[in-house]
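What follows is a single structure, written as structure tokens, with notes after it.
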Amino acid sequence: GETLKSHTRLRGGYNANNGNQNPASNPVTLTGDVNGDDLPGGVNRAENSSRVLVAEDVEDVIIEGVTIRGANVGGTGGGVRLVDVTGAQIIDSIIEDNDAGSGAGVYAFDSEVSISNSIIRGNRGGNGAAGLRFQGTSMGTITDSEISGNTTTDSGGALSFRGGATGFI
Numbered sequence: 001g002e003t004l005k006s007h008t009r010l011r012g013g014y015n016a017n018n019g020n021q022n023p024a025s026n027p028v029t030l031t032g033d034v035n036g037d038d039l040p041g042g043v044n045r046a047e048n049s050s051r052v053l054v055a056e057d058v059e060d061v062i063i064e065g066v067t068i069r070g071a072n073v074g075g076t077g078g079g080v081r082l083v084d085v086t087g088a089q090i091i092d093s094i095i096e097d098n099d100a101g102s103g104a105g106v107y108a109f110d111s112e113v114s115i116s117n118s119i120i121r122g123n124r125g126g127n128g129a130a131g132l133r134f135q136g137t138s139m140g141t142i143t144d145s146e147i148s149g150n151t152t153t154d155s156g157g158a159l160s161f162r163g164g165a166t167g168f169i
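Note that the numbering used here numbers the sequence shown so that position 86 is 86, with each residue one more than the last.
Written as structure tokens, this is what we have:
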């Protein structure tokens, strides 16, 4: 996976000819699928990267206009893992088809996160919170977003708050 630093702006979906951003017309996919052989339902994941994007102990991180998929980790945080992050934003993005022990789509621990106009779908968690897991002192907002089709063998397929995570609207 890729480790993000403070003040990172990861923006995709731009047209090379006119500079206009339209992720639907100009898709950018960040994937953990090293061999390019993933099949639906988590098949052929043995060689995949454990995580796609990671940010730890940083501030002001923007992820915008990208699709994040193909992570495969037994622990926490597959697609996006945020630990001790202040001012994280996920905008106009799709986080799908990731596998993790928990927080397969997005995992936030002691972090401040804003998710808007995004889709979190089809992620799989082994012990809880396949779509999103917020833990510790995490807080933030989720607006105008779709969370669907996330599955787990435990509780919280779509969304889980653990260890005091509060402040989400």
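Glycine is no exception: its CB is placed at the ideal position from the N, C-alpha and C atoms. Bear in mind that the values here come from a model prediction, so they are computed numbers and not experimental data.
{"Check": "Proximity of ILE147 and GLY131 at Cβ, strictly below 7 Å", "Outcome": "yes"}
{"Check": "For VAL61 and THR8, believed in contact at Cβ under 8 Å, the rounded distance", "Outcome": "5 Å"}
{"Check": "Where ARG81 falls: helix, strand or coil (DSSP)", "Outcome": "strand"}
{"Check": "Contacting residues, own chain, Cβ-Cβ under 6 Å from ASN123 (five flanking each side not counted)", "Outcome": "ASN98, ALA104, GLY105, ALA130, GLY131, ASN150"}
{"Check": "C-beta atoms of ARG121 and GLU96 nearer than 7 Å", "Outcome": "yes"}
{"Check": "Cβ shell of LEU10 (< 6 Å), same chain only, five flanking positions each side left out", "Outcome": "ILE63"}
{"Check": "Exposure label - GLU112; buried when at least 16 CB within 10 Å", "Outcome": "buried"}
{"Check": "Three-state secondary structure (DSSP) of THR29", "Outcome": "strand"}
{"Check": "Length of the line joining the Cα atoms of THR153 and ALA46", "Outcome": "19 Å"}
{"Check": "Residues of its chain near ILE90, where Cβ-Cβ distance is below 6 Å and the 5 sequence neighbours each way are ignored", "Outcome": "ILE63, ILE115, SER118"}
{"Check": "Own chain residues within Cβ distance below 7 Å of THR143, not counting five before or after", "Outcome": "SER116"}
{"Check": "Segments of 3+ residues assigned as beta strand (DSSP E) that fall wholly inside the stretch 84-138", "Outcome": "86-91, 94-96, 106-109, 112-116, 119-121, 132-135"}
{"Check": "Rounded distance between the beta-carbons of LEU30 and ILE68, thought under 8 Å", "Outcome": "5 Å"}
{"Check": "Minimum C-alpha distance to GLY70 - residue among VAL52, ASP110, THR76", "Outcome": "VAL52"}
{"Check": "Where THR141 falls: helix, strand or coil (DSSP)", "Outcome": "strand"}
{"Check": "Length of the line joining the Cα atoms of GLY101 and SER25", "Outcome": "33 Å"}
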